[in-house]
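Numbering (the working numbering), first residue to last: 607 to 932.
Every residue gets a Cβ at the ideal spot worked out from N, C-alpha and C, and that includes glycine.
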Amino acid sequence: MNNETTVKPMTFKLFLEFIRLNAKTASAIPFILGLLYSIYYFQSVDWLNSLIYFIAQMAIAFFVTGFNNVQDYKLAVDQHYRDTYNIIGREHLSPQRALNLMLTFLVVACGLGLILVWRTNLLLLFMGGAGIFVTIFYTFGPIPFSRFPLGELLSGVAEGFGVFFITIYVNVAPERLLGLFFDWPRFMINGNLLTLIILVLVGLPNIFTVANVMFADNMSDLPQDIRNQRYTLPYYLGIKRALWLYDALLYLCFASVTVSAILRLLPPESLLVWLVLPQIRKNSRIFHREQIKETTFETAIQNLMLFQGVQILALVVAILRTQVFG
Numbered sequence: 607m608n609n610e611t612t613v614k615p616m617t618f619k620l621f622l623e624f625i626r627l628n629a630k631t632a633s634a635i636p637f638i639l640g641l642l643y644s645i646y647y648f649q650s651v652d653w654l655n656s657l658i659y660f661i662a663q664m665a666i667a668f669f670v671t672g673f674n675n676v677q678d679y680k681l682a683v684d685q686h687y688r689d690t691y692n693i694i695g696r697e698h699l700s701p702q703r704a705l706n707l708m709l710t711f712l713v714v715a716c717g718l719g720l721i722l723v724w725r726t727n728l729l730l731l732f733m734g735g736a737g738i739f740v741t742i743f744y745t746f747g748p749i750p751f752s753r754f755p756l757g758e759l760l761s762g763v764a765e766g767f768g769v770f771f772i773t774i775y776v777n778v779a780p781e782r783l784l785g786l787f788f789d790w791p792r793f794m795i796n797g798n799l800l801t802l803i804i805l806v807l808v809g810l811p812n813i814f815t816v817a818n819v820m821f822a823d824n825m826s827d828l829p830q831d832i833r834n835q836r837y838t839l840p841y842y843l844g845i846k847r848a849l850w851l852y853d854a855l856l857y858l859c860f861a862s863v864t865v866s867a868i869l870r871l872l873p874p875e876s877l878l879v880w881l882v883l884p885q886i887r888k889n890s891r892i893f894h895r896e897q898i899k900e901t902t903f904e905t906a907i908q909n910l911m912l913f914q915g916v917q918i919l920a921l922v923v924a925i926l927r928t929q930v931f932g
């Protein structure tokens, strides 16, 4: 876009595409699971904290996708990708205006985050700060994380487990989980290690399913990423080994839920997730045949929705069963 007169306004329809609204449902899944697990396992919920965090989290999700689009446009080496594939070049949008809009979402998220820190515990400031750091420097800075094989790990841990954990954190008293406490002039960090281990085990499917969405995305974009000097994990593994790891992460989700249910960390209804295994395997076979962003990539999101949809349903049924039968 060398001529400012060619710049077009971002319509609402373009905005929805710019933030990839179709993928934001997947971003909300860890929040929903965290909220339900707070009610089921901890019998604790703070609806106001949950609402504040949900708005903040969605604002961050909008920022991440939009900011990545801006950075991918600016860092693009392949001119064809920049002008015809990236939404900014394709639709002749202003990168600066798009960036300003995304920064607005970031400011909103940070402001709401500070409110939650005031309402919960100061330790949340450091947890949220770490998440913001990963969010910004994923595609920004002299050495963006996205230029290295870190995307799957960072998205799985930050978005998959981080959102799940913080949702629980804003609903449960910090004394039961982890907190930074002051008794002037002393301070201490106190937490329950067993509870934290439980949350990691229960949260593993969030990590694996979210990581797999990023993994599928990177496999689908591999030729294009190489042209833009963006070397993700599939580049180093090769497609054959990448697909093997992709399947392994799917099966680890089932193993994790089964172990959690046996240990009574999840309700027995969670084992119903095995019913969707045939469809998940079918989706995996489709993705194995060809990795195309516009078509087969959607199978990764479908797998996340299938697997976690059953987990959500299981927790809802378990909560209702507990309230009715005790």
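query, result
"Using alpha carbons as the reference points, say which of Trp880, Ile892, Arg833 and Val863 lies closest to Leu949.", "The shown model of the chain, from 607 to 932, leaves out residue 949, and the question about it has no answer."
"Based on DSSP bridge pairs, tell me the residues matched to Leu699.", "Lys614"
"Under a Cβ-count criterion, where at least 16 other Cβ atoms within 10 Å of its own Cβ denotes burial, should Phe821 be classed as buried or exposed?", "buried"
"Who does Met794 pair with in a DSSP beta bridge?", "Phe787"
"By how many angstroms is the C-alpha of Thr838 removed from the C-alpha of Asn909?", "22 angstroms"
"Out of Phe860, Asp684, Thr928 and His894, which one is the CA nearest neighbour of Val882?", "Phe860"
"Just the Cα atoms here: how many angstroms apart are Lys842 and Glu875?", "In the sequence as displayed, the identity of residue 842 is Tyr instead of Lys. Cα to Cα, the separation comes out at about 39 angstroms."
"Under three-state DSSP, which class holds Phe621?", "helix"
"Run through DSSP, which three-state label would Asp684 get?", "coil"
"The alpha helix (DSSP H) with Leu759 in it runs from where to where?", "Gly757 to Leu760"
"Give me the Cα-Cα distance between Leu681 and Pro615, rounded to the nearest whole angstrom.", "22 angstroms"
"If I follow the unbroken alpha helix (DSSP H) through Asn909, where does it start and stop?", "Glu904 to Phe931"
"Assuming Asn824 is part of the alpha helix (DSSP H), what are its boundary residues?", "Leu799 to Ser826"
"Nearest to Gly719 by alpha carbon, out of Leu639, Tyr775, Leu805 and Thr631?", "Tyr775"
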